[in-house]
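Residue numbers (my numbering): 224 to 319.
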């Protein structure tokens, strides 16, 4: 898996997400938790077995009511906006 330096690298991240994500047996999904810098909590990015991607935010003072489905454009924007946090996860996975 490559570090995300340009938007084209996001496709590699999407295709290899399972390599750095944890797996939830109960929910039958892969997930990765990153910091929510705007609200001071965490984002959980999830990929289900049907390739549906969702996002959920939770912090000390807030919890999103439901998971948000991510469509292509929004999904790419979210990854691009938070690429430094995803790159940190990629580096951690490579070093472990």
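Note that beta-carbon positions come from the ideal geometry of N, C-alpha and C, so glycine has one too.
{"Asked": "Classification of residue 260 by the beta-carbon crowding that lies within 10 angstroms, buried from 16 upward", "Found": "exposed"}
{"Asked": "Own chain residues within Cβ distance below 8 Å of residue 276, not counting five before or after", "Found": "268, 269, 270, 292, 293, 298"}
{"Asked": "Candidates 240, 296, 258, 281, of which the one nearest residue 252 by Cα", "Found": "240"}
{"Asked": "Rounded straight-line distance, which links the Cα of residue 290 to that of residue 238", "Found": "21 Å"}
{"Asked": "Nearest to residue 249 (by Cα), restricted to the options 243, 272, 301", "Found": "272"}
{"Asked": "Rounded C-alpha distance that separates residue 296 from residue 288", "Found": "22 Å"}
{"Asked": "Per-residue DSSP class, three states only, for residue 249", "Found": "coil"}
{"Asked": "Whole-angstrom distance between residue 312 and residue 254, CA atom to CA atom", "Found": "12 Å"}
{"Asked": "Status (buried if at least 16 other CB within 10 Å, exposed otherwise) for residue 247", "Found": "exposed"}
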